[in-house]
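Okay, structure first, notes after.
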Amino acid sequence: MTLINRNIQVLSRNSNHWICEQKESGFSENLMYKDEDGKEFLLYNNDILLMKSEIDKSSLPKPSKRELIFVMGINSVEEIQKLLQTMSKESFLIIIETNPLFFSYALNKRDLSFFKEFNVILFADDLSNLSIFLDKIFSTTLIYYLKNIKFYFTYFYRSYAVDMCTFLVRAVKETAKFKAMLFGNSIEDSLTGFGHNMKNLHHLVNSKDVSRLKDIFKSTPAIVVAAGPSLNKNIEQLKKMTSKVVIIAVDTIAQRLCEEGITPDFICSIERDKETYSYFYENKNYPSDTSLVAPLLLYPEVFNEFAGDIVIPMRENVGEYIWLQQIFGLGGDNSISLGLSCAHVAFGFAKHIGASPIILVGQDLAFGDSQEESHAGGTIYDNKEFTNEVFSAINKMYTEGYYGGSVATTDIWINFRKWFEIEIFNGNMLVINATEGGAKIEGTLQISLKEAADQYCSQDIVPVKEVLDRVAEYPLDKEQMRLTLIEQIGKFTSMKLEFDNQLKIVEGLDISNTLSEKRLLKIVDKLGNTDDLFEKVKEDWLLRHNLQPIMMSSMWNLYAIEQTLSSSNLTANRDIQIEFLTVSIFVLGEIINIIEGSLNSL
0 MTLINRNIQV LSRNSNHWIC EQKESGFSEN LMYKDEDGKE FLLYNNDILL
50 MKSEIDKSSL PKPSKRELIF VMGINSVEEI QKLLQTMSKE SFLIIIETNP
100 LFFSYALNKR DLSFFKEFNV ILFADDLSNL SIFLDKIFST TLIYYLKNIK
150 FYFTYFYRSY AVDMCTFLVR AVKETAKFKA MLFGNSIEDS LTGFGHNMKN
200 LHHLVNSKDV SRLKDIFKST PAIVVAAGPS LNKNIEQLKK MTSKVVIIAV
250 DTIAQRLCEE GITPDFICSI ERDKETYSYF YENKNYPSDT SLVAPLLLYP
300 EVFNEFAGDI VIPMRENVGE YIWLQQIFGL GGDNSISLGL SCAHVAFGFA
350 KHIGASPIIL VGQDLAFGDS QEESHAGGTI YDNKEFTNEV FSAINKMYTE
400 GYYGGSVATT DIWINFRKWF EIEIFNGNML VINATEGGAK IEGTLQISLK
450 EAADQYCSQD IVPVKEVLDR VAEYPLDKEQ MRLTLIEQIG KFTSMKLEFD
500 NQLKIVEGLD ISNTLSEKRL LKIVDKLGNT DDLFEKVKED WLLRHNLQPI
550 MMSSMWNLYA IEQTLSSSNL TANRDIQIEF LTVSIFVLGE IINIIEGSLN
600 SL
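What follows is the structure, encoded as structure tokens:
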């Protein structure tokens, strides 16, 4: 078997690798060559560069720590082998190679057998896809390594391509921050959200069955109307399209659209605070033809007072909603990717109903002509006192603009944009950004709203309300829901007793510097019993969701402890476990109380 075939066979064994499609002309025998002394040279950007594998000892991993090590460059095999020899067996090595010629050369000329190891992962593609790859790996258990990230740049990159090294560091840190934000809601915040969900549970029986809405508007154009400042220029064009598209509006802009004579088919919300109700729903007379799309966690009065149909989707990949679907036997596809904002809800809903193309307007994700212009006119943001209060403490940043150049934005809007880009990439959808301003959103087709109307929105569609009237509600019975919740209370009460007992054992451990190795090993066994409880949390979607912050911080802190047997390391482990068990007991008690309180509404 040839070297390239062996390498391909090895790489094909791990589905975590991200490798771009190889072009036949990609490999070049002349990319590298050796002189008479055996020195290797590289032809790069019309220069001849000396290549060697010179170990950077200052950046080597620690054998006693679990680390996530990002390596730039695949051709310095000796350096990679040194990293593998040095790092802990529980560490992961992520090899990044963004130059297709370099990867092709390695595939043909280097022994890549080290990729047999499950903890060696390859990214070999264009830089534009790096953030998608990083999001993917940080969505696995590698999220536990977030506080133990290390970088190693092979000789070529640290000598000749420092800019690429800088790009990698920035991309990893940005994605790590983004994922930490997603996983890092406070426990108090999670429990408040759970309380809202359970208060609103009785509304679920009146919601349209979201699984029956799957692809119900397949290949029908939909416009997601956000409230960015550039929307002002598109209002008149939007009026001309009302009978030819599904109009899905964020709550911020809904009243303005109605005042302009544009009736949104759907209004989307996600924020649970009372202000969402006060600003966008209280004393607002939205047409009965308009439907509300929102998760259960909204402020209860929104559901109580809304005149039209309600659509309550489950949140995709969110434990609390997976738990609800499991205990109530909600089959089918009731989950939608709801993201971080009401615009994300609108986009996720458009995707769920099968709309295509999805046309974005007012999706600036950046300030307008001035840094005081954050939203379209006719919204709560016309109140300058309110706007100043919202944006005064926000750190303004710059990102690539719709028309090129840089536009002023915020880190929050950057995270919102990242969410869109990941969804578009993963969904392989036709998404048109007709915002005509603001930040550039990768993966979208940029044309004007008029051009989008001419190309994709020429036919009248069946009225949305007429279609929705034929959709049934969730197949739920309130009494059966009550009985199911009572069973859950019993289960969580039993689990709380287990956590109480383990906490007493862990708190009673006496760990001193004079203990023998035999005694230390016995303590390890007793501490190990907490692992079973940690697994129980991971297996229960509701607990996993509400305990996620303490689970993450516990794992980050545990991974920071060196893997050697000592009284100091065991003391640190014990203290982490005491915090985890104490918080878990508190959360279990709160969950029980919240579920008991929700029984009255059913």
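All letters in the sequence shown, in the order written, are residues 0 to 601 by numbering that gives the first Met the number 0. The beta carbon of each residue, even a glycine, is placed where N, CA and C say it ideally should be.
Subject >> Check: S447 C-beta below 6 Å from any heavy atom of the ligand PLP >> reply: Looking for the ligand PLP in the displayed structure turns up nothing, as the structure carries no ligands at all.
Original post:
First and last residue of the alpha helix (DSSP H) that includes Y320?
Top reply: Stepping through the sequence shown from its first residue, residue 320 is reached at position 321. Per DSSP, the unbroken alpha helix (DSSP H) holding Y320 starts and ends at G318 to F327.
Subject >> Contacts around E315, its chain only, beta-carbon distance under 8 Å, and the 5 residues preceding and following it disregarded >> reply: Within the sequence shown, residue 315 is the residue found at index 316, counting from 1. Only S334, I335, S336, L337 and G347 meet the Cβ criterion.
**OP:** Taking D264 and S290 to be in contact with their CB atoms under 8 Å, please state how far apart those CB atoms are, rounded to whole angstroms.
**Re:** On the sequence shown, residue 264 is found 265 positions in, with the first residue counted as 1. On the sequence shown, residue 290 is found 291 positions in, with the first residue counted as 1. Right, their Cβ atoms sit about 7 Å apart.
Subject >> CA-to-CA distance, K88 to E53, given in whole angstroms >> reply: In the sequence shown, counting from the first residue as 1, residue 53 sits at position 54. In the sequence shown, counting from the first residue as 1, residue 88 sits at position 89. E53 and K88 have their C-alpha atoms some 23 Å from each other.
Subject >> V171, DSSP secondary structure in three states >> reply: For the purposes of this step, residue 171 is identified with residue 172 of the sequence shown, where counting begins at 1. Residue state, collapsed to three classes: helix.
Original post:
Should D46 go down as buried or exposed, given a rule of 16 or more other Cβ atoms within 10 Å for buried?
Top reply: The residue labelled residue 46 in the question sits at position 47 within the sequence shown. With a threshold of 16 other beta carbon atoms within 10 Å, D46 falls short and is exposed.
Subject >> For M494, the first and last residue of its enclosing beta strand (DSSP E) >> reply: Within the sequence shown, the letter at position 495 stands for residue 494. In the DSSP assignment, M494 falls outside any beta strand (DSSP E) and lies within the alpha helix (DSSP H) extending over K477 to E506.
Original post:
What residue range is occupied by the uninterrupted beta strand (DSSP E) comprising D46?
Top reply: As a first step, residue 46 is located in the sequence shown; it is residue number 47 there, counting from the start. Per DSSP, D46 belongs to the beta strand (DSSP E) from D46 to M50.
Original post:
Does the region 349 to 357 come close enough to the region 429 to 437 that 3 or more CB-CB pairs lie under 8 Å?
Top reply: Yes: at least three Cβ pairs fall under 8 Å.
**OP:** If I'm right that K207 touches D308 with Cβ under 8 Å, what's the distance once you round it to whole angstroms?
**Re:** On the sequence shown, position 208 is the one that residue 207 refers to. On the sequence shown, position 309 is the one that residue 308 refers to. With 8 Å as the limit, K207 and D308 qualify as a contact, their Cβ atoms being about 6 Å apart.
Original post:
Taking buried to mean at least 16 other C-beta atoms within 10 Å of its own C-beta, is D363 buried or exposed?
Top reply: Within the sequence shown, the letter at position 364 stands for residue 363. With 16 or more Cβ atoms within 10 Å of its Cβ, D363 is classed as buried.
Subject >> Beta-carbon proximity check, I93 vs I73, cutoff 7 Å >> reply: Working through the sequence shown from its first residue, we reach residue 93 at position 94. Working through the sequence shown from its first residue, we reach residue 73 at position 74. By the CB criterion at 7 Å, I93 and I73 fall outside the cutoff.
Original post:
First and last residue of the beta strand (DSSP E) that includes S649?
Top reply: A query on residue 649 cannot be resolved here, the shown segment of the chain reaching from 0 to 601 and no further.
Subject >> Short Cβ contact (7 Å threshold) for Y151 with V70 >> reply: Your numbering for residue 151 matches position 152 in the sequence shown. Your numbering for residue 70 matches position 71 in the sequence shown. Going by beta carbons, Y151 and V70 fall inside the 7 Å limit.
Original post:
CB A349 to CB A221, shorter than 7 Å?
Top reply: Position 350 of the sequence shown holds residue 349. Position 222 of the sequence shown holds residue 221. Yes.
**OP:** Take the Cβ of P312 as the centre, count every other Cβ of all protein chains shown within 10 Å, and call the residue buried at 16 or more, exposed below.
**Re:** Here the question's residue 312 lines up with position 313 in the sequence shown. By the neighbour-count rule (16 or more Cβ atoms within 10 Å), P312 is buried.
**OP:** Note down the Cα distance separating S369 from K395, rounded to an integer number of angstroms.
**Re:** Your numbering for residue 369 matches position 370 in the sequence shown. Your numbering for residue 395 matches position 396 in the sequence shown. Model confidence at S369 stands at a pLDDT of 48, short of 50, so the residue's coordinates are unreliable; what they give is reported in the following sentence. Approximately 12 Å between the Cα atoms of the pair.
Subject >> I222 in three-state terms, based on DSSP >> reply: The sequence position of residue 222 within the sequence shown is 223, counting from 1. It is a strand residue.
Original post:
Can you list, in chain order, the residues of its chain whose CB lies under 7 Å from that of F424, leaving out five sequence neighbours each side?
Top reply: Here residue 424 is taken as the residue at index 425 of the sequence shown, counted from 1. Excluding sequence positions up to five before and after F424, its CB lies within less than 7 Å of the CB of I131 and G442, all in the same chain and listed in chain order.
Subject >> Spatially closest choice to D188 from E66, A471 and N545, by CA coordinates >> reply: The sequence position of residue 188 within the sequence shown is 189, counting from 1. Closest by alpha carbon: N545.
**OP:** Give the secondary structure of A253 by DSSP, where H, G and I count as helix, E and B as strand, and everything else as coil.
**Re:** Counting from one through the sequence shown, the residue named residue 253 turns up at place 254. If DSSP states are grouped into helix, strand and coil, A253 belongs with the helices.
**OP:** Answer yes if the region 159 to 170 comes into contact with the region 575 to 591, meaning at least three C-beta pairs across the two stretches below 8 Å, and no otherwise.
**Re:** Fewer than three pairs of CB atoms, one per stretch, sit closer than 8 Å, so the region 575 to 591 makes no contact with the region 159 to 170.
**OP:** Would you mind working out which of G404, E516 and Q324 sits nearest L541, comparing C-alpha positions?
**Re:** Taking the first residue of the sequence shown as 1, we reach residue 541 at position 542. Residue Q324 is the option with its Cα nearest to L541.
Subject >> Spatial distance of L614 from Y143 (CA atoms) >> reply: In this structure the chain extends from 0 to 601, so residue 614 is not present and cannot be described.
Original post:
Around the C-beta of N98, are 16 or more other C-beta atoms found within 10 angstroms, so that it is buried, or is it exposed?
Top reply: On the sequence shown, position 99 is the one that residue 98 refers to. Burial call: buried.
Original post:
Quick one, are the C-beta atoms of L106 and N196 less than 7 Å apart?
Top reply: Taking the first residue of the sequence shown as position 1, residue 106 is located at position 107. Taking the first residue of the sequence shown as position 1, residue 196 is located at position 197. Not in contact: L106 and N196 (Cβ atoms no closer than 7 Å).
**OP:** Identify, in the order they occur along the chain, each residue of the same chain with its Cβ nearer than 8 Å to the Cβ of N572, setting aside the five sequence neighbours on each side.
**Re:** In the sequence shown, the residue the question calls residue 572 occupies position 573. Excluding positions up to five away in sequence, the list reads L526, L557 and I560.
Original post:
Quick one: does A407 have its CB under 7 Å from some CB of chain B?
Top reply: Of the protein chains in the structure, only one exists, and it is not chain B.
Original post:
Between the beta-carbon of G361 and the beta-carbon of V245, is there less than 7 Å?
Top reply: Within the sequence shown, the letter at position 362 stands for residue 361. Within the sequence shown, the letter at position 246 stands for residue 245. Contact flag unset, no.
Subject >> Three-state secondary structure (DSSP) of L601 >> reply: Counted from its first residue, the sequence shown places residue 601 at position 602. In the structure shown, L601 sits in coil (DSSP, three-state: anything other than H, G, I, E or B).
**OP:** Between the Cα of G330 and those of R211, V9 and V461, spot the shortest distance and give me the residue it belongs to.
**Re:** Taking the sequence shown and counting its residues from 1, the one referred to as residue 330 is at position 331. Residue R211 is the option with its Cα nearest to G330.
Original post:
To which residues does DSSP link S405 through a beta bridge?
Top reply: Along the sequence shown, one-based indexing puts residue 405 at 406. Under the DSSP definition of a beta bridge, S405 partners with E399.
Original post:
Any idea what DSSP makes of N387, helix, strand or coil?
Top reply: Here residue 387 refers to the residue found at position 388 of the sequence shown. Only weak support exists for where N387 lies, its pLDDT of 47 falling under 50; the coordinates are left without a value.
Subject >> Runs of alpha helix (DSSP H) lying entirely within the region 519 to 563, each at least 4 residues, in chain order >> reply: As far as the region 519 to 563 is concerned, its whole alpha helix (DSSP H) runs of at least 4 residues are 540 to 545 and 547 to 559.
Subject >> Beta-carbon separation (whole angstroms), E472 vs V204, contact threshold 8 Å >> reply: Locating residue 472 in the sequence shown gives position 473, counting from the first residue. Locating residue 204 in the sequence shown gives position 205, counting from the first residue. Contact flag correct, Cβ pair sits at about 7 Å.
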